[in-house]
Amino acid sequence: MSSKLEQLQALLAPVVVALGYECWGIEFSSQGRHSMLRVYIDKEGGVLVDDCAIVSRQISGILDVEDPISSEYTLEVSSPGMERPLFTIEQFASFAGEQVKIKLRSPFEGRRNFQGFLRGVEEQDVVVQVDEHEYLLPIDLIDKANIIPKFD
Numbered sequence: 000m001s002s003k004l005e006q007l008q009a010l011l012a013p014v015v016v017a018l019g020y021e022c023w024g025i026e027f028s029s030q031g032r033h034s035m036l037r038v039y040i041d042k043e044g045g046v047l048v049d050d051c052a053i054v055s056r057q058i059s060g061i062l063d064v065e066d067p068i069s070s071e072y073t074l075e076v077s078s079p080g081m082e083r084p085l086f087t088i089e090q091f092a093s094f095a096g097e098q099v100k101i102k103l104r105s106p107f108e109g110r111r112n113f114q115g116f117l118r119g120v121e122e123q124d125v126v127v128q129v130d131e132h133e134y135l136l137p138i139d140l141i142d143k144a145n146i147i148p149k150f151d
């Protein structure tokens with residue numbers, strides 16, 4: 000995790016929790032002079048647009064005071080949704096049994112993209128079965144991971 004992302008997590012997660020929500024995860028991407036800060040919130044029963052607005056107002060105030068992002072940025076507060084992103088080893092463990100799509104920061108065994116069955120976790124590795132092969136992917140190598148929704 001980058002130091003900027005760690006700084007934002009330390010600053011914003013307690014604010015989200017104090018408002019009664021779970022801070023599911025934070026994404027920060029810098030694209031030249033403009034950056035995107037996305038904060039995912041969750042709560043029992045789901046997240047409504049009003050929930051996102053409440054958290055967005057509070058986070059905006061904190062960001063204005065603390066000023067951790069020097070460039071222009073867009074703040075987006077969102078629910079994790081159906082294609083729920085996974086950020087922590089605990090989240091991967093709790094979604095064992097689901098289909099996932101994982102993109103790595105750098106190649107592992109010659110590839111960066113994995114789509115398959117999330118078997119669980121072993122220490123700091125995410126266990127994914129792709130076809131007949133099982134991969135142990137170090138969580139530190141994972142750039143992005145999402146649940147693939149089922150439509151029954």
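Numbering follows numbering that gives the first Met the number 0, in which position 17 of the sequence shown is assigned residue number 16; successive positions increment by one, without gaps.
We put the CB at the ideal spot given by N, CA and C, even for glycine.
Query, Result
"A144, buried or exposed, once every other Cβ within 10 Å from all chains shown has been counted against 16", "buried"
"Per DSSP, the bridge partner or partners of V64", "DSSP lists no partner for V64."
"Coil, strand or helix - D139 by DSSP", "helix"
"DSSP bridge partner residues for V38 (one or two, in chain order)", "I25, V76"
"Beta-carbon contacts of E26 that lie in its chain and below 7 Å, excluding the five residues immediately before and after", "R37"
"Three-state secondary structure assigned by DSSP to R83", "coil"
"Helix, strand or coil at E89 [DSSP, three-state]", "helix"
"Neighbour-count burial assignment, V48, 16 or more Cβ in a 10 Å radius", "exposed"
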